[in-house]
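Report on one structure; see the data block that follows.
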Amino acid sequence: MTFKDMFKKTTYISVEEETEQDRGSGDGQEPAVPEGMWQKCPGCGELVYSEDLEENLSVCPKCGYHVRIGARERIEMVLDPDTFVEWDTGIENGDPLGFHGYEDKVKQLQRMTGLDEAVITGTGKIGRRDVVIGVCDTAFLMGSMGHVVGEKITRAVERATKQKKPVILFSCSGGARMQEGIVSLMQMAKTSAALKKHSDAGLLYISVLTDPTTGGVTASFAMLGDIILAEPGALIGFAGPRVIKQTIGQDLPEGFQRSEFLLEHGLIDNVVTRQNLKRILARLLRLHTRTKQTPELYAKVMDELEEYKNRQLWESPDEFFLHNEESEMIPAGSAEEGKQRLKNDLQNYSAWDRVQISRRAERPTAVDYMKRLFTHFYELHGDRAFRDDRSIVGGVAMFGHQPVTVIGQQKGHNTKENIMRNFGMPYPEGYRKALRLMKEAEKFKRPIICFVDTPGAFCGIEAEERGQGEAIARNLAEMSAITVPILTIMIGEGGSGGALAMAVSNEVWMMENATYTVLSPEGFASILWKDSKRADEAATVMKMTASDLRRLGIIETIVPEKEPITQETMEDAAMFIKEKLLSFLQDYMIKKEDDIVELRYHRFRDF
Ligand SMILES: [Zn+2]
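Residues in the sequence shown are numbered from 75 upward in steps of one, following our numbering.
Structure follows, in structure tokens:
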């Protein structure tokens, strides 16, 4: 097939038509939930009692299939009761192409669906917090975006910017509305531009993708969320699967363009079941509540933190304690013990001993520290470009009443976990995910806490193809200018550039038995002495232990380990870090943005 042929094919089949054919939704004339006592589940094919389905939020009780729901139903599901106020109904629908029968069709659909267009917008509350909300509905011309849909979304976003409110948009759409031609295309630019202004005002936008989100909607507002969530199994893509299949003449991979596929490919933050959606939205709204950097406000936040510490209440409130499949909810550790100071004289291990200790599988991982230091953790996935690298775990959490961004290089405690985490060796997409989360932290004025534990950045063909060097370099440059405080804690191995890419920070702390070095001692010995067996000697020469590095001014603080730390014995160290972190935040969160950047610049400029 020539390129010209390919072009013809992709241009002349609209995603809207295709989605309708694939899904058999026949122009949206069939309601999403058919009438009758029983219905056949599109997922498992079993007959499901309609009442059971409805009670289960239109999720099949047998297989978990998420049946499409209407916009009104959705609003009822996610907003606090009786808080919704609808905006901008009755906008005149233009017919820019004079397309035969279009106006009649719209009028007919308005009568049939009780909707005035394919999106409902307005304001309401989730978890008692104000939001501006927009919900698309496939019952109206497959949720396609014409002038009215674009206008309603744009007005809602503009109003949210003015009122300083977060926006939540639920997408489901076949894409641009063919009957409105090029005017429909302009809605993509219009909605995106309004969201850019909203974002520049430092406001939160959460995009929730539902089945199906395709075409021009995917290529505009749907993919612009600070946080992008998706319902399980939703079809999400730019070109529809049938067009792609016809164009390339190949079978598509299993699960192609489904939510789970997008998660794995780093394009969305998480897949969330309908049952958990409201609670997670409420949690995310809370975690994104922006704290102003005024000394008065910080004094208050810090008082609260102090109060937490004194009352030893480091557990997460019950209403936020979720145990579910899509979030690694991390409860806080108790601070009942560990009040007495740990002795500060370091244990008498050789450098090579410490190298080996730093690599032990029973040492606490980044997530083990996160569990004990923070509450309300919500993991965010992906670099929004290629893949979700599981060797870096990142997300938002609370430290007392202070929202923070936490990012850690994650090893496993056993072989299975280590394979999943790539032995803590990040790919370029891992560093890009970390940077994305840091930029988000900066937007919402949250301090950043990084945990470093890596033998080094992953060394391999794919890593080079995707620009490992570029990814690390980018992090060094961008981190140097981030306007919120950054703290890095070296918890195990600090392997070279792969460690530094998360350590261009205002302060770097180190566990007593962690290491931080330009190269492994084995590598150093084999390069300089052509003998990797002299690694123990190299470890001493290289000055890679915590006390060496403090003497050299590379790190600020050593976190004592009474004995080589394990998950079981880490409580004292966690308590030590908590108290230090409190004073770090006290010092830094009242500083001006320029000063935070300048201090970090000089920290490295002086070497
Ligand atoms: Zn089913």
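Quick reminder that beta carbons are idealized off the backbone N, C-alpha and C, glycines included.
Strand pairing of residue i, partner residues [DSSP]
i, result
"H140", "V133"
"D204", "K199"
"Q476", "F473"
"R332", "L309"
"N580", "In the DSSP output, where bridge partners are listed per residue, N580 has none listed."
"T287", "S247, I310"
"S281", "L243, I302"
"G482", "V467, F525"
"M499", "Looking at the DSSP assignment, M499 forms no beta bridge with any residue, so it has no partner."
"E453", "G469"
"M585", "V633"
Environment of residue i [buried if 16+ CB atoms lie within 10 Å]
i, result
"A471", "buried"
"R679", "exposed"
"P155", "exposed"
"P327", "exposed"
"D661", "exposed"
"R428", "buried"
"F473", "buried"
"H676", "exposed"
"C524", "buried"
"L121", "exposed"
"V141", "buried"
"A274", "At residue 274 the sequence reads Asp, which differs from the Ala that was named. Its Cβ having fewer than 16 others within 10 Å, D274 is exposed."
"I143", "buried"
"E567", "buried"
"Q476", "buried"
"D343", "buried"
Residue i - DSSP class collapsed to helix/strand/coil
i, result
"L628", "Here residue 628 is Ile; the residue named in the question, Leu, does not match the sequence. In the structure shown, I628 sits in coil (DSSP, three-state: anything other than H, G, I, E or B)."
"R428", "helix"
"G155", "Checking the sequence shown, residue 155 turns out to be Pro, not Gly. P155 falls in the coil class under three-state DSSP."
"A545", "helix"
"D680", "coil"
"F691", "Outside the shown range of the chain (75 to 681) lies residue 691, about which nothing can therefore be said."
"A531", "coil"
"H221", "helix"
"F448", "coil"
"F518", "coil"
"G571", "helix"
"Y423", "coil"
"L121", "strand"
"R492", "Checking the sequence shown, residue 492 turns out to be Asn, not Arg. Correct three-state label for N492: helix."
"E672", "helix"
"Q113", "strand"
"V346", "coil"
"G597", "helix"
"G566", "strand"
"T363", "coil"
"V193", "strand"
"A267", "helix"
"M644", "coil"
"L561", "strand"
"T439", "coil"
Same chain only: Cβ atoms within 7 angstroms of residue i, ignoring 5 sequence neighbours per side
i, result
"D668", "none"
"D190", "T163, G164, Q184"
"A555", "V671"
"A293", "M262, F312"
"V209", "A145, R148, I149, V193, I194, F244"
"F681", "none"
"V467", "A440, V441, E453, G482, Q484"
"L358", "I280, I301, Y452"
"T557", "E516, E667, I670, V671"
"S124", "G110, M111, W112, Q113"
Spatial neighbours of residue i in its chain, beta-carbon cut-off 8 angstroms, leaving aside the 5 residues before and after
i, result
"D442", "Q641, M644"
"M36", "The structure shown does not extend to residue 36, since the chain spans only 75 to 681, so no value can be given for it."
"N496", "D463, R464, S465, F532"
Chain-order list of residues whose beta-carbon lies under 6 angstroms from that of residue i (same chain, five-residue window excluded)
i, result
"W426", "D610, A613"
"G117", "C134, C137, Y139"
"I431", "N587, P638"
Cβ of residue i within 9 angstroms of any chain D Cβ
i, result
"P135", "Chain labels in this structure do not include chain D; a single protein chain is all it has."
Can you list, in chain order, every residue whose CB sits closer than 5 angstroms to a heavy atom of ligand 3? Questions concerning ligand 3 fall outside what the structure shown contains, since the ligands it does hold are ligand 1.
Below 8 angstroms, can you find three or more Cβ-Cβ pairs linking the region 330-341 to the region 429-449? no
Does the region 542-559 come close enough to the region 443-451 to have 3 or more Cβ pairs within less than 8 angstroms? no
Under 8 angstroms: do the region 196-212 and the region 172-186 share three or more Cβ pairs, one atom per stretch? no
Between the region 567-583 and the region 623-633, do three or more beta carbon pairs fall short of 8 angstroms? yes
Between the region 499-512 and the region 349-356, do three or more beta carbon pairs fall short of 8 angstroms? no
Between the region 249-260 and the region 219-235, can you find at least three pairs of beta-carbon atoms closer than 8 angstroms? yes
If we count Cβ pairs, one from each stretch, closer than 8 angstroms, do we get three or more for the region 232-252 versus the region 279-296? yes
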